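Using our numbering, read the sequence shown as starting at 4 and increasing by one per residue.
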Amino acid sequence: VGDGTTTAVVLAGEMLKNAEQLIDKEIHPTIIARGYRMAAEKAQELLDSMAKPVTIKDDATLIKIAHTAMTGKGAEDAKDHLAQLVVKGVKAVAENGIVRRERVKIEKRIGGAVENTSLISGIVLDKERAHSGMPNKVEKAKIALLDSPLEIKNTEIDARISITDPEKLQAFLDMEEAMLKKMVNKVVASGANVLFCQKGIDDLAQHFLAKNGILAARRVKKSDLERLARATSGKIVTNLDDLSTTDLGAAGSVEEIFHGDEGMLYVQDCPDAKAVTLLVRGGTEHVVDEIKRALEDAIGDVVA
């Protein structure tokens, strides 16, 4: 379910304590275990008889569930606000009444009040632009999602260079530059103005991307790349040669926003986002950690 861990541990401890007393009375462990199984089945039967069906459309009940999950976890002052965000986020990513909890991402950043915690219709990445010359904001973003490096592998160049020969060295550098420029041109030809790459991006490739007005981020986590695909309706491409316009995702904007000295990339206002982000704010690291934990429990309970 994603919640109730403390209850489970306390209950298990008490059951073991009682089992020890039964063993002291020379009751065989298999009989004790069978009794516990029978009790669990009866408890499940009673719970099922008391349970009420809840659908993804039942906002009032879902908010109550989120409230309960966050009780006693440092989120008391902003519980109403946070519960509503959780329910909105879960409803946004639901498909045919089914929700995968990993599609509601939780990011945190120190600063501001807990009440400043927000729901982003898209994905927030704990990343900055790969190059300072790239635009820090792109409107009407056309997003390429690449699971392939924009770097030259050692195996792609089979040559030995003597640094005592300037002409050979320059020829090698020119060849490397041409290969990287060709890679970037493929991104440009697709129509992308934003690139998220799971692997590395060579410094020279970053320069060429910046010259073409493309905002790029490198070494994006696989889980984030998958969320970006869900949020933007884009396709993850594993071979740069295969990248085309039809693979691109869409977002209202992609923007680098700084909180203190650390930047984050906001991919937001996605037309049909099936992955969203809860951005947790708070005055200290302890506060944001506690709020994140409370939200994780609330999402788990609401999804269940």
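All C-beta atoms, glycine included, are put in the ideal place defined by N, C-alpha and C. The structure displayed is predicted, hence computed values, not measured ones.
In three-state terms, what does DSSP make of residue i?
| i | result |
| --- | --- |
| residue 266 | strand |
| residue 116 | coil |
| residue 248 | helix |
| residue 66 | helix |
| residue 280 | strand |
| residue 89 | helix |
| residue 255 | strand |
| residue 145 | strand |
| residue 108 | strand |
| residue 121 | strand |
| residue 127 | strand |
| residue 140 | strand |
| residue 299 | helix |
| residue 48 | helix |
| residue 1 | With the chain represented from 4 up to 307, any question about residue 1 goes unanswered, as that position is not in the structure. |
| residue 285 | strand |
| residue 345 | For the chain, the structure presents residues 4 to 307; residue 345 sits outside this window and is missing. |
| residue 260 | strand |
| residue 79 | helix |
| residue 155 | coil |
| residue 101 | strand |
Quick check: what's the CA-CA separation for residue i versus residue j?
| i | j | result |
| --- | --- | --- |
| residue 42 | residue 303 | 26 Å |
| residue 180 | residue 156 | 13 Å |
| residue 152 | residue 125 | 24 Å |
| residue 158 | residue 130 | Unreliable placement is indicated for residue 158, whose pLDDT of 47 sits below 50; the coordinate value is still reported in the next sentence. Cα to Cα, the separation comes out at about 29 Å. |
| residue 56 | residue 106 | 23 Å |
| residue 147 | residue 128 | 15 Å |
| residue 214 | residue 67 | 51 Å |
| residue 294 | residue 255 | 28 Å |
| residue 178 | residue 187 | 14 Å |
| residue 227 | residue 47 | 38 Å |
| residue 190 | residue 297 | 41 Å |
| residue 136 | residue 100 | 44 Å |
| residue 30 | residue 14 | 21 Å |
| residue 69 | residue 216 | 43 Å |
| residue 17 | residue 10 | 11 Å |
| residue 62 | residue 134 | 43 Å |
| residue 194 | residue 145 | 7 Å |
| residue 21 | residue 45 | 18 Å |
| residue 27 | residue 35 | 12 Å |
| residue 150 | residue 290 | 35 Å |
| residue 86 | residue 103 | 18 Å |
| residue 132 | residue 208 | 13 Å |
| residue 240 | residue 65 | 37 Å |
| residue 143 | residue 84 | 30 Å |
| residue 280 | residue 109 | 6 Å |
| residue 23 | residue 49 | 27 Å |
| residue 160 | residue 242 | Summary for residue 160: the model assigns pLDDT 49, below 50, so the residue's position carries little reliability; its value from the coordinates is reported in the next sentence. Whole-angstrom Cα-Cα distance: 19 Å. |
In chain order, what residues of the same chain have a beta carbon less than 7 Å from the beta carbon of residue i, not counting five sequence neighbours either side?
| i | result |
| --- | --- |
| residue 184 | 211 |
| residue 121 | 282 |
| residue 271 | 123, 124, 125, 254, 255 and 256 |
| residue 12 | none |
| residue 274 | 253 |
Can you determine whether any heavy atom of the ligand HEM sits closer than 7 Å to the C-beta of residue i, and answer yes or no?
| i | result |
| --- | --- |
| residue 149 | The model on display carries no ligand, and the ligand HEM is accordingly not part of it. |
If you drop the 5 nearest sequence neighbours on each side, which residues of the same chain put their C-beta closer than 6 Å to that of residue i?
| i | result |
| --- | --- |
| residue 276 | 124, 125 and 234 |
| residue 258 | 140 and 269 |
| residue 111 | 283, 291 and 295 |
| residue 252 | 146, 235, 236 and 237 |
| residue 154 | 203 and 205 |
Could you name the residues of the same chain whose beta carbon sits closer than 8 Å to that of residue i, not counting the 5 residues immediately before and after it, in chain order?
| i | result |
| --- | --- |
| residue 72 | 6, 297, 300, 301, 303, 304 and 305 |
| residue 33 | none |
Task: Three CB pairs or more closer than 8 Å across the region 284-292 and the region 104-118 - done: yes
Open item on the list: Just to confirm the assignment: which complete alpha helix (DSSP H) runs, minimum length 4, are found wholly within the region 183-253?
Closed with: 206-214 and 225-235
Task: the region 86-102 / the region 263-274 touching (three or more Cβ pairs under 8 Å) - done: no
- [ ] Tell me, please, whether the region 70-79 touches the region 243-252 by the rule of three or more beta-carbon pairs shorter than 8 Å.
- [x] no
Open item on the list: Across the region 218-234 and the region 196-203, are there enough close Cβ pairs to call them in contact, namely three or more that are closer than 8 Å?
Closed with: yes
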